[in-house]
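What follows is a single structure, written as structure tokens, with notes after it.
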Amino acid sequence: MATTVSTHSFQHRRLLGFGLATLAAIGFSGKAIFVKLAYGEAVDAVTLLALRMLFSAPFFLIVALRHAWRKPTQALSRRDYAALLLLGLLGYYLSSLFDFIGLQYISAGLERLILFLYPTLVVVLSALLLHKPFGRKEIVALLLSYVGIGVVFSEQVTLQAEHLWLGAGFVFASTLTYAAYLIGTGETVARIGASRFTAYAMLVACAATLIQFLLTHPPQALLVSARVYQLSLWMAIVSTVLPVFMLSAAIRIIGSSHASLIGALGPVATLFLANVFLGEQLSTLQMAGAALVLAGVLSLSRK
Numbered sequence: 001m002a003t004t005v006s007t008h009s010f011q012h013r014r015l016l017g018f019g020l021a022t023l024a025a026i027g028f029s030g031k032a033i034f035v036k037l038a039y040g041e042a043v044d045a046v047t048l049l050a051l052r053m054l055f056s057a058p059f060f061l062i063v064a065l066r067h068a069w070r071k072p073t074q075a076l077s078r079r080d081y082a083a084l085l086l087l088g089l090l091g092y093y094l095s096s097l098f099d100f101i102g103l104q105y106i107s108a109g110l111e112r113l114i115l116f117l118y119p120t121l122v123v124v125l126s127a128l129l130l131h132k133p134f135g136r137k138e139i140v141a142l143l144l145s146y147v148g149i150g151v152v153f154s155e156q157v158t159l160q161a162e163h164l165w166l167g168a169g170f171v172f173a174s175t176l177t178y179a180a181y182l183i184g185t186g187e188t189v190a191r192i193g194a195s196r197f198t199a200y201a202m203l204v205a206c207a208a209t210l211i212q213f214l215l216t217h218p219p220q221a222l223l224v225s226a227r228v229y230q231l232s233l234w235m236a237i238v239s240t241v242l243p244v245f246m247l248s249a250a251i252r253i254i255g256s257s258h259a260s261l262i263g264a265l266g267p268v269a270t271l272f273l274a275n276v277f278l279g280e281q282l283s284t285l286q287m288a289g290a291a292l293v294l295a296g297v298l299s300l301s302r303k
């Protein structure tokens with residue numbers, strides 16, 4: 001009887017983990033939708049990013065303070081502070097900035113597919129910088145992924161989207177900086193913990209974003225329409241704070257490999273959300289390209 005109860009409890013816990021990972025993937029995917037909707041209100045990328053960080057910061061500050069006040073917390077070394085500063089700037093500030101700029105020029109669906117290439121870039125950078133093995137499996141994954149992007153991109157070129165290459169370049173730069181960030185996080189996260197690291201790194205990004213805003217914009221630039229405030233708040237909660245902590249909880253329950261596989265729902269979710277809320281075309285060619293990208297990335301995660 002006890003074994004049956006234990007088995008049911010384990011199954012319910014795993015179901016909770018998969019549910020949290022799914023919600024996190026959909027939440028992250030919604031960011032591009034919120035950004036594109038906000039751009040319809042005549043707001044620039046830096047201001048929109050500053051609003052997102054302003055609304056997100058209190059949540060991460062609470063988590064950071066909770067860790068700081070906890071008695072057994074391991075003290076941070078100078079090396080830890082340096083890593084948090086560098087990785088926060090790289091993964092949450094630069095990557096977000098490039099992504100927001102790129103979304104001014106390309107569709108939400110194409111943006112999410114380019115961002116989803118980050119595992120392939122992690123493999124390439126690891127091979128170049130860390131001399132990790134790079135074999136046939138990795139080559140096949142790269143070919144599938146980038147052929148898929150080429151298929152979607154070719155359709156966008158046919159539609160003659162203005163500044164397509166510029167937007168795609170910025171989003172690819174976002175993907176590259178995020179891949180570099182992921183390579184550098186392993187040791188630091190192991191030392192100080194995932195939620196603590198995320199909270200501190202996000203606060204670094206928040207500070208950098210607000211400094212950039214103050215250096216490039218007058219303070220009154222934050223006086224935008226009520227619609228932009230609403231979208232920024234929703235983006236902060238639904239597509240930043242909640243997904244971060246839901247994914248962290250999911251990883252604790254089902255492991256990082258399963259959580260990352262469920263993350264493959266992200267590009268598909270973005271395509272459908274963009275079709276519903278932005279009226280972006282959802283063509284057969286676009287779905288075929290998305291399938292190739294997903295196949296390439298998922299093949300890297302296959303044991």
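Sequence positions in the sequence shown follow my numbering and run 1 to 303.
We treat Cβ as the ideally placed atom computed from N, Cα and C, and that holds for glycine.
Owing to the predicted nature of the structure, the values given are computational and were not obtained by experimental measurement.
### Query
With 16 as the cutoff for other CB atoms within 10 Å, does residue 243 come out buried or exposed?
With 16 or more Cβ atoms within 10 Å of its Cβ, residue 243 is classed as buried.
### Message
Check this for me: beta carbons of residue 111 and residue 121, under 8 Å apart or not?
### Response
Cβ distance not < 8 Å, so residue 111 and residue 121 don't count as in contact.
### Query
Can you tell which of 90, 17 and 28 has the C-alpha that lies nearest to the C-alpha of residue 205?
Among 90, 17 and 28, the Cα nearest to that of residue 205 is on 90.
### Task
Could you check the C-alpha separation between residue 9 and residue 240 for me, to the nearest Å?
Straight-line spacing of the CA atoms in residue 9 and residue 240 works out to 30 Å.
### Message
Let's test the definition: count the other Cβ atoms within 10 Å of the Cβ of residue 69 and tell me whether it reaches 16, buried, or not, exposed.
### Response
Of the residues assessed, residue 69 falls on the exposed side of the cut-off, its CB having fewer than 16 other CB atoms within 10 angstroms.
### Query
Pick from 33, 217 and 197: whose alpha carbon is nearest that of residue 184?
Nearest option by C-alpha distance: 197.
### Query
Which whole-angstrom value is the C-beta distance of residue 263 and residue 38, which I expect to be below 8 Å?
Contact flag wrong, Cβ pair sits at about 24 Å.
### Message
Contact defined as beta carbons within less than 8 Å: I believe residue 36 pairs with residue 222. What is the distance between those atoms, to the nearest angstrom?
### Response
Contact flag wrong, Cβ pair sits at about 20 Å.
### Task
Quick one: grab the DSSP three-state call for residue 131.
It is coil, neither helix nor strand.
### Message
I'd like to know if the segment 212–231 and the segment 43–59 are in contact, where contact means that at least 3 CB-CB pairs between them fall below 8 Å.
### Response
Between the segment 212–231 and the segment 43–59, the count of Cβ pairs shorter than 8 Å is three or higher; the stretches touch.
### Residue closest to residue 281, alpha-carbon to alpha-carbon, out of 152, 261 and 119
It is 152 whose Cα lies nearest to the Cα of residue 281.
### Task
Please report how far the alpha carbon of residue 155 lies from the alpha carbon of residue 115, in whole angstroms.
If you draw a straight line from the Cα of residue 155 to the Cα of residue 115, it is about 18 Å long.
### Query
Anyone know if the C-beta pair for residue 203 and residue 64 falls short of 8 Å?
In contact: residue 203 and residue 64 (Cβ atoms closer than 8 Å).
### Message
Rounded to the nearest angstrom, what separates residue 300 and residue 217 at their Cα positions?
### Response
Answer to the nearest angstrom: the Cα atoms are 43 Å apart.
### Task
Note down, one range per segment and in chain order, each alpha helix (DSSP H) of at least 4 residues found wholly within the segment 158–211.
You should have 164–192.
#### Entry: Rounded straight-line distance, which links the Cα of residue 87 to that of residue 173
If you take the alpha carbons of residue 173 and residue 87, they lie about 15 Å apart.
### Message
What would DSSP say about residue 146, mapped onto helix, strand or coil?
### Response
Residue 146 falls in the helix class under three-state DSSP.
### For residue 74, three-class secondary structure by DSSP
Residue 74 falls in the coil class under three-state DSSP.
### Query
Taking C-beta to C-beta, are residue 224 and residue 30 nearer than 8 Å?
Going by beta carbons, residue 224 and residue 30 fall outside the 8 Å limit.
### Query
Taking 7 Å as the line, does the beta carbon of residue 56 fall inside it for any heavy atom of the ligand FMN?
Absence of the ligand FMN from the depicted structure is noted, as is the absence of any ligand whatsoever, leaving it without description.
### Query
Hey, how far is the Cα of residue 81 from the Cα of residue 118?
Computed Cα separation, rounded: 25 Å.
### Task
Excluding the 5 residues preceding and the 5 following residue 142 in the sequence, name in chain order all residues of the same chain whose CB lies nearer than 6 Å to its CB.
Answer for residue 142: 120, listed in chain order.
### Query
Quick one: what does DSSP say residue 107 is sitting in, helix, strand or coil?
DSSP places residue 107 in coil when its eight states are reduced to three.
### Task
Determine the contact status of residue 20 and residue 249, defining contact as a CB-CB distance below 8 Å.
Yes, they are a contact pair.
### Query
Going by beta carbon distance, what residues of the same chain come within less than 8 Å of residue 45, once the five residues before and after it are set aside?
Cβ neighbours of residue 45 beyond the five flanking positions: 97, 100, 101, 103 and 104.
### Message
Within a Cβ cutoff of 8 Å, which residues of the same chain sit near residue 297, ignoring the five residues on either side of it in sequence?
### Response
Taken in chain order, the residues that qualify are 116, 117, 119, 120, 141, 145 and 264.
### Query
Between residue 289 and the rest of its own chain, which residues show a CB-CB distance below 6 Å, the 5 nearest in sequence each way excluded?
So the qualifying residues of the chain are 148, 151 and 152.
### Query
When the distance is taken between beta carbons, is residue 113 closer than 8 Å to residue 267?
Between residue 267 and residue 113, the C-beta spacing is below 8 Å.
### Task
Under 8 Å by Cβ, that's how I've got residue 106 and residue 167 pegged, so tell me the actual separation to the nearest angstrom.
Approximately 4 Å separates the beta-carbon atoms of residue 106 and residue 167; this is inside 8 Å, confirming the contact.
### Task
For residue 76, collect the residues of the same chain with a Cβ closer than 7 Å to its Cβ; drop the 5 residues on either side in sequence, then sort them by chain order.
Sequence-distant Cβ neighbours of residue 76 in its own chain, meaning closer than 7 Å and more than five residues away, are 192.
### Query
How many angstroms separate the CA atom of residue 176 from the CA atom of residue 169?
Rounded to the nearest angstrom, the two C-alpha atoms are 10 Å apart.
### Query
residue 47: which of 246, 245 and 212 sits nearest, CA to CA?
Distances from the alpha-carbon of residue 47 to those of 246, 245 and 212 put 212 closest.
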